[in-house]
Ligand code: ADP
Ligand code: MG
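In UniProt numbering, the protein residues as written are 1 to 158.
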């Protein structure tokens, strides 16, 4: 169960992420899946806006995790790309998942064994014919995230 969304430029991706902001709840986990440059960090900028975060969202590629506390609920922005080289350290991910905020994870495949059973998956794909086009596939795993996906799709139609 899920839906797809075509986005014509980075501003559209930001706007789409922003719509999810009011819908996420403490403890929610969102996985962002897609190649380098697919728009995972760009999408997160939109989500941050939707949470009311005004601070600039910087890719956490080198820090692995950045926390933003000033929005409606905290945002834990994670990028596990560097784990490919450094190996899975004990990052205390569970404490984030059990925390008061929403966790957004880029390159979650590098921490596969540490992920919760249920999550919202956002898959981002580039259009080979157009640098600015993306196709997003949204899928909720488990009833909570299926509902979230459905709410997001409804909010997007408005
Ligand atoms: P990732 O985090 O997946 O590596 P980024 O969000 O850092 O990707 O980079 C995506 C790049 O592609 C940015 O330079 C962004 O401006 C550009 N871009 C162009 N079109 C889009 C789009 N529709 N959605 C997201 N990013 C886009
Ligand atoms: Mg990124």
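Glycine residues also receive a C-beta, built at the ideal position from the N, C-alpha and C atoms.
- Query: Any residues whose CB sits closer than 7 Å to a heavy atom of ligand 2? List them in chain order?
  - Reply: 40, 41, 59, 61, 79, 106
- Query: Which value, in whole angstroms, describes the spacing of the CA atoms of residue 55 and residue 67?
  - Reply: As a working mapping, residue 55 is identified with position 55 in the chain shown. As a working mapping, residue 67 is identified with position 67 in the chain shown. Rounded to whole angstroms, residue 55 to residue 67 spans 11 Å at the Cα level.
- Helix, strand or coil at residue 147 according to DSSP, with G and I counted as helix: Start at 1 with the first residue of the chain shown, and residue 147 comes out as number 147. Helix, per DSSP.
- For the alpha helix (DSSP H) holding residue 81, just list the boundary residues, first then last. Mapped onto the chain shown, residue 81 falls at position 81. From DSSP, residue 81 is part of no alpha helix (DSSP H); its letter is neither H nor E.
- Supposed contact pair residue 27 and residue 90 - C-beta distance, whole angstroms, cut 8 Å: In the chain shown, the residue the question calls residue 90 occupies position 90. In the chain shown, the residue the question calls residue 27 occupies position 27. Incorrect: roughly 20 Å between the Cβ atoms, too far for contact.
- Going by C-alpha distance, which of 80, 72, 125, 63 is nearest residue 114? By one-based count along the chain shown, residue 114 stands at place 114. Minimum Cα distance to residue 114 is reached at 80.
- Starting from residue 2 and walking both ways along the beta strand (DSSP E), at which residues does that stretch end? Your numbering for residue 2 matches position 2 in the chain shown. 2-7 is the span of the beta strand (DSSP E), which, as asked, contains residue 2.
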